[in-house]
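Peer 1:
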Amino acid sequence: MASSKSTLPKDFIWGFATASFQIEGSLSTDGRGKSIWDDFARTPGKTLDGRNGDVATDSYRLWKDDVELLAKFNVKTYRFSIAWSRIIPRGGREDPVNPKGIEFYSQLIDALLEKNIVPFVTLYHWDLPQSLHDRYGGWLNKEEIVKDFARYAQARILHLQLSFRSSSVYYRGTSHKLHHRLTMNEPWCISILGYGRGVFAPGRSSDRARSPEGDSSTEPWIVGRNVILSHASAVKVYREVFKPVQKGEIGITLNGDWQTPWDDSPENVAAAQHALDVAIGWFADPIYLGQYPPYMREMLGSRLPEFTKEELKLVKGSSDFYGMNTYTTNLCRAGGDDEFQGLVDYTFTRPDGTQLGKQAHCAWLQDYPEGFRSLLNYLWNRYHLPIYVTENGFAVKDEDSMSLEQALNDADRVHYFEGTTRVLLQAIHEDGVDIRAYFPWSLLDNFEWADGYVTRFGVTYVDYETQKRYPKQSAHFLSKVTAFQMSPVAQELTVFSLQWF
Ligand code: GBH
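FYI, full-length UniProt numbering numbers position 391 of the sequence shown as 391, with every residue one higher than the one before it.
Next up, the structure:
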């Protein structure tokens, strides 16, 4: 079949993304241990609407509804995360594995496979077992956390694999290339928002109004290094023990938006690169190129925790693909004292006073598809690996006064996805970027971290009183375009036995 400019490549996969703490609820059911988000979200002042993750979208109970939605939307794949504290309630390498936790994810995965939906699993999307934080400082403690994360990866891998061996489910897939797993979601957010700004669990920060303890000038950088090392040791386990048999892929996903100079002055051109270095290069450069970006060292001096030679060997090349979460573009101006943005000020207001794009229902996001295209090109040219877009989405205002019908008519989100899907195709066909997956965020409205339930990113509306799900216009739009573009794939399936983990 001749490939056309409006067609996605044959093996391309698309589907929606979610994360355990944002959807599951049932926080003390079936032996789940506490995570750092449980109490953090319950603490007054930590979320915008004072609401927490105790119920969320109730997906621990209603997961079958979610699978039905995915099937209805005609997706090829579903990106979800596993709650570490369901698998190992106390989290540590000596602590027991919880069979009920294993069972929960096994049945979810089996149900997906029965519908020919490829599971795309994230090991860690921010819900660290509370016990590890209490016992030794969690992500701050390199010696402990790296070993515990590797053990969690192995426990999850081993046990889930055993349960699949006895399963009669077979996946009809295009090729083994479809076996993917992610270690971490967005190390920048784990480090900066959890230990620098203190707006995410565990909420540590130098700002004493916000946190009784923490040091924003050192801890985020230490946590970042430890997250990279934990990721790399999980990858080592996978590659040594499981990959030879399964031939699957493993990688990490990084957040990062396109950064472009506010004007063409040399200092602002440099500022945009500095912003990219801190948002993305901090993690991507060690993992893909084997060293920190020079600007990280320039900015932080001795506060930048180094890797030993041996560690660097483990880290370099530890991701089989580039996992990309991206939402917007920032206009960059040199200056300010925000190290977390590379000593760069972000704005959406151009020099002539106009806005970059349409404002989402959260301060940090405007609709600007051209930036998405530029970032895809930048990452492809810098790291030379296939790109999986593991998150991309838009928040639309939804007021209590709105009718359901109005809430479902999410025209601004449809507009956003029209832009990003158009640009995705251009990047593939016109720019030659190797892009293999696309996951709009999110399958459904859910617990939006510090924003509580005020900000809605779903393509499915959730009525939080009844927990009923209602597809929005954007869900119809995405299923239609992608189903059309994906149609050749379904014809070329072969059968092979399943070994996901
Ligand atoms: C994603 O992060 C998350 O992976 C996902 O769980 C979440 O639901 C989704 O975004 C929508 O928010 O103004 O200092 O608070 C995207 C990357 C980086 C975007 C931090 C918001 C806010 C910085 N995020 N950013 S701050």
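Every residue, glycine too, gets a C-beta built ideally from N, C-alpha and C.
Could you check whether residue 366 and residue 356 sit closer than 8 angstroms to each other, using their CB atoms as the reference points?
Peer 2: Yes.
Peer 1: Out of curiosity, what's the CA-to-CA distance linking residue 21 and residue 379?
Peer 2: Spanning the two alpha carbons is a distance of roughly 29 angstroms.
Peer 1: With the cut-off set at 8 angstroms, would you say residue 441 and residue 399 are in Cβ contact?
Peer 2: It is not a contact, given that the beta carbons lie outside the stated cut-off.
Peer 1: Kindly indicate which residue of 196, 309 and 92 has the alpha-carbon position closest to the one of residue 143.
Peer 2: It is 92 whose Cα lies nearest to the Cα of residue 143.
Peer 1: Applying the criterion that 16 or more other CB atoms from any shown protein chain within 10 Å of the CB defines a buried residue, is residue 411 buried or exposed?
Peer 2: Classification of residue 411: exposed, given that the 10 Å Cβ count is below 16.
Peer 1: Can you grab the Cα-Cα spacing for the pair residue 269 / residue 262, in whole Å?
Peer 2: Each residue's alpha carbon lies about 8 angstroms from the other.
Peer 1: Out of curiosity, what's the CA-to-CA distance linking residue 324 and residue 136?
Peer 2: Distance between the alpha carbons of residue 324 and residue 136: 31 angstroms.
Peer 1: Using CA coordinates, which residue listed in 477, 63, 462 and 446 is at the minimum distance from residue 422?
Peer 2: Checking every option, the nearest Cα to that of residue 422 belongs to 477.
Peer 1: Check for me: the beta strand (DSSP E) holding residue 123 runs from which residue to which?
Peer 2: Residue 123 -> beta strand (DSSP E) spans 118-124.
Peer 1: Could you check the C-alpha separation between residue 415 and residue 53 for me, to the nearest Å?
Peer 2: Near 30 angstroms, if we compare the C-alpha coordinates of residue 53 and residue 415.
Peer 1: Any heavy atom of ligand 1 closer than 7 angstroms to the CB of residue 392?
Peer 2: No, the Cβ of residue 392 stays beyond 7 angstroms of every heavy atom of ligand 1.
Peer 1: Using DSSP bridges, identify the partner residues of residue 261.
Peer 2: Partner(s): 332.
Peer 1: Give every residue of the same chain whose Cβ lies closer than 8 angstroms to the Cβ of residue 299, excluding the five residues on either side of it in the sequence, and list them in chain order.
Peer 2: Result list for residue 299: 274, 278, 339, 342 and 343, in chain order.
Peer 1: Is any heavy atom of ligand 1 found at a distance shorter than 7 angstroms from the C-beta of residue 423?
Peer 2: No - ligand 1 has no heavy atom lying nearer than 7 angstroms to the Cβ of residue 423.
Peer 1: Can you tell me whether DSSP reads residue 79 as helix, strand or coil?
Peer 2: Reduced to three states, the DSSP call for residue 79 is strand.
Peer 1: Would you check if the distance between the CB atom of residue 59 and the CB atom of residue 185 is smaller than 8 angstroms?
Peer 2: Their beta carbons are not under 8 angstroms apart, which means residue 59 does not touch residue 185 by this criterion.
Peer 1: Taking just the CA atoms, how far does residue 428 sit from residue 6?
Peer 2: Near 10 angstroms, if we compare the C-alpha coordinates of residue 428 and residue 6.
Peer 1: So residue 87 and residue 101 are supposed to be a Cβ contact under 8 angstroms. How far apart are they, rounded?
Peer 2: Yes, residue 87 and residue 101 are in contact; Cβ-Cβ is about 5 angstroms, under 8 angstroms.
Peer 1: With H, G and I counted as helix, E and B as strand and the rest as coil, what does DSSP make of residue 275?
Peer 2: Residue 275 falls in the helix class under three-state DSSP.
Peer 1: Just the Cα atoms here: how many angstroms apart are residue 394 and residue 443?
Peer 2: Near 12 angstroms, if we compare the C-alpha coordinates of residue 443 and residue 394.
Peer 1: On the CB-based measure, 16 or more other CB atoms within 10 Å of its CB, does residue 246 come out buried or exposed?
Peer 2: Answer is buried; the Cβ neighbour count reaches 16.
Peer 1: Leaving out the 5 sequence neighbours to the left and right, which residues in its chain are closer than 6 angstroms to residue 193 when beta-carbon positions are compared?
Peer 2: Excluding sequence neighbours, residue 193 sits near 199 and 200.
Peer 1: Using DSSP's beta-bridge definition, name the partner residues of residue 437.
Peer 2: The partner list for residue 437 (beta bridge, DSSP) reads 13 and 388.
Peer 1: Flag this pair as yes or no: are the beta carbons of residue 227 and residue 191 separated by less than 8 angstroms?
Peer 2: In contact: residue 227 and residue 191 (Cβ atoms closer than 8 angstroms).
Peer 1: Over the uninterrupted alpha helix (DSSP H) stretch that includes residue 255, give me the two end residues.
Peer 2: No alpha helix (DSSP H) holds residue 255; the beta strand (DSSP E) holding it covers 249-255.
Peer 1: Would you say the beta carbon of residue 193 is closer than 7 angstroms to some non-hydrogen atom of ligand 1?
Peer 2: True, at least one ligand heavy atom lies under 7 angstroms from that Cβ.
Peer 1: Is the beta carbon of residue 130 less than 8 angstroms from the beta carbon of residue 33?
Peer 2: Contact: yes.
Peer 1: Have a look at 43, 110, 153 and 74 and flag the residue whose alpha-carbon is nearest the alpha-carbon of residue 85.
Peer 2: The residue with the shortest Cα to Cα distance from residue 85 is 153.
Peer 1: In whole angstroms, what is the alpha-carbon distance linking residue 25 and residue 38?
Peer 2: Answer to the nearest angstrom: the Cα atoms are 10 angstroms apart.
Peer 1: So, at 8 angstroms on beta carbons, what are the nonlocal neighbours of residue 111 in its own chain, with the 5 sequence-adjacent residues on each side left out?
Peer 2: Within the same chain, residue 111 has close Cβ partners 63, 64 and 67.
Peer 1: Which residues bound the alpha helix (DSSP H) around residue 368?
Peer 2: Per DSSP, residue 368 belongs to no alpha helix (DSSP H) and is neither H nor E.
Peer 1: Which residue comes first and which comes last in the beta strand (DSSP E) that contains residue 345?
Peer 2: Where residue 345 is concerned, the enclosing beta strand (DSSP E) stretches over 344-347.
Peer 1: Have a look at residue 172 and residue 180 and give me their C-alpha separation to the nearest angstrom.
Peer 2: Residue confidence for residue 172 is low, a pLDDT of 35 falling below 50, so the modelled location carries little weight; the figure read from the coordinates is stated next. The alpha-carbon atoms of residue 172 and residue 180 are separated by roughly 15 angstroms.
Peer 1: Report, in whole angstroms, the separation of the C-beta atoms of residue 146 and residue 229, which I expect to be a contact under 8 angstroms.
Peer 2: Residue 146 to residue 229, Cβ: 5 angstroms. Contact.
Peer 1: Ignore the nearest five residues each way along the sequence and tell me which others in residue 257's own chain have a CB closer than 8 angstroms to its CB.
Peer 2: So the qualifying residues of the chain are 279, 326, 327, 328, 329, 330, 371 and 375.
Peer 1: Tell me the start and end of each unbroken alpha helix (DSSP H) in the stretch 403-488 that is at least 4 residues and wholly inside, in chain order.
Peer 2: Listed in chain order, they are 404-408 and 411-429.
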